[in-house]
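Heads up, the thing below is written out as structure tokens.
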Amino acid sequence: MKLTLRQQNLASVPTRRDAGFSLVEIFVVASIIGILTAITIPQLAGQRRLVRSAAVPREIMTQIRFARQQAMSQRQSFTFQYDNVTKVISIIDNNASGNTVLNSASYPNNTGSAVVLTSSLTQSGLSSAEISYGIPTGFPTGALGDGVSRTNLTSGKINITFQPDGSVVDTNGNPLDQALFIYNSRLPSQTTAAVSVLGSSGRTKLWRYDPGTNTYIE
Numbered sequence: 019m020k021l022t023l024r025q026q027n028l029a030s031v032p033t034r035r036d037a038g039f040s041l042v043e044i045f046v047v048a049s050i051i052g053i054l055t056a057i058t059i060p061q062l063a064g065q066r067r068l069v070r071s072a073a074v075p076r077e078i079m080t081q082i083r084f085a086r087q088q089a090m091s092q093r094q095s096f097t098f099q100y101d102n103v104t105k106v107i108s109i110i111d112n113n114a115s116g117n118t119v120l121n122s123a124s125y126p127n128n129t130g131s132a133v134v135l136t137s138s139l140t141q142s143g144l145s146s147a148e149i150s151y152g153i154p155t156g157f158p159t160g161a162l163g164d165g166v167s168r169t170n171l172t173s174g175k176i177n178i179t180f181q182p183d184g185s186v187v188d189t190n191g192n193p194l195d196q197a198l199f200i201y202n203s204r205l206p207s208q209t210t211a212a213v214s215v216l217g218s219s220g221r222t223k224l225w226r227y228d229p230g231t232n233t234y235i236e
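When we follow the numbering used here, the leftmost residue of the sequence shown carries the number 19, and every step to the right adds one.
Structure follows, in structure tokens:
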């Protein structure tokens with residue numbers, strides 16, 4: 019039987035079923051999306067952790083330099099304090115200088131002192147458990163390129179007191195070098211860093227661990 023022109027045109031129009039997707043095709047696409055998501059999300063989380071971890075030593079260096087700047091501009095001692103228990107940095111205006119501060123029984127919170135600034139290292143989104151002080155096992159433990167070695171915690175804290183000339187000295191007036199080592203416990207090889215302070219000048223440097231050379235580079 020011969021079809022009319024209208025019947026031929028209708029026959030050539032795809033049905034809804036022909037133009038759509040089968041259940042198998044939908045499942046395949048959904049599976050591909052799921053696989054890509056499973057791969058991408060951990061990578062993004064890892065990159066985010068690296069960025070946040072890199073901000074930690076920079077924040078330490080920034081606050082150390084701020085304490086030194088305040089000591090020189092106000093002509094009195096200022097103390098940078100890091101509390102490894104709370105992961106908080108405090109800047110203390112000692113309202114005095116020299117041995118009056120360093121020999122105080124309540125150092126660095128001597129009489130007349132005041133905390134002028136606090137900064138939490140967890141504010142970038144890292145948990146306190148991720149922020150570790152010290153040097154990871156197997157990493158070089160010698161002095162940094164400027165000759166400064168790691169400063170040990172005392173009662174869970176580190177105090178760096180800048181004098182009016184910008185220097186850091188001990189109770190005998192001798193230059194006191196300091197170096198803080200910090201890393202993310204989940205990614206030690208990628209996040210280990212150090213901030214050093216030369217006591218004679220108060221100069222501060224940031225160092226990062228280089229896995230390729232197994233050294234700290236400025």
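For each residue, glycine too, the CB sits at the ideal point set by N, CA and C.
Alpha carbon to alpha carbon, how far is residue i from residue j?
i: Leu120; j: Ser71; result: 32 Å
i: Ala85; j: Leu68; result: 27 Å
i: Val213; j: Thr169; result: 10 Å
i: Gln208; j: Leu41; result: 45 Å
i: Asp101; j: Ile107; result: 6 Å
i: Pro225; j: Gly191; result: A small fix is needed here, since residue 225 is Trp in this sequence, not Pro. About 27 Å.
i: Gly163; j: Asp195; result: 13 Å
i: Glu236; j: Pro229; result: 14 Å
i: Ile59; j: Ile110; result: Note on Ile59: pLDDT 49, under 50, position unreliable in the model; the coordinate value appears next. One C-alpha to the other measures close to 41 Å.
i: Pro193; j: Ile178; result: 12 Å
i: Gln83; j: Ala48; result: Correcting the residue type first, residue 83 is Arg in the shown sequence and not Gln. Using only the alpha carbons, I get a separation of about 53 Å.
i: Arg66; j: Pro206; result: 15 Å
With a cut-off of 8 Å on the beta carbons, I'd call residue i and residue j a contact; round off their distance for me.
i: Phe157; j: Thr210; result: 6 Å
i: Pro182; j: Arg93; result: 5 Å
i: Gly220; j: Ser185; result: 5 Å
Is DSSP giving residue i helix, strand or coil here?
i: Pro193; result: strand
i: Tyr234; result: strand
i: Phe157; result: coil
i: Asn117; result: helix
i: Lys223; result: strand
i: Leu135; result: strand
i: Ala48; result: helix
i: Ser173; result: coil
i: Thr129; result: coil
i: Thr140; result: coil
i: Val187; result: strand
Let me check one thing: in DSSP terms, what residues is residue i bridge-paired to?
i: Tyr151; result: Ile200
i: Ser253; result: There is no way to answer for residue 253, as the model of the chain reaches only from 19 to 236.
Suppose contacts are defined by Cβ-Cβ distances below 8 Å. Is residue i in contact with residue j by that definition?
i: Ser131; j: Gln81; result: no
i: Phe96; j: Asn112; result: yes
i: Asn117; j: Thr172; result: no
i: Phe180; j: Ala89; result: yes
i: Gly174; j: Val103; result: yes
i: Ser150; j: Tyr201; result: yes
i: Ser91; j: Ala147; result: no
i: Leu198; j: Ile176; result: yes
i: Lys105; j: Leu135; result: no
Tell me whether residue i, by its Cβ, gets closer than 7 Å to a heavy atom of the ligand COA.
i: Ile176; result: Absence of the ligand COA from the depicted structure is noted, as is the absence of any ligand whatsoever, leaving it without description.
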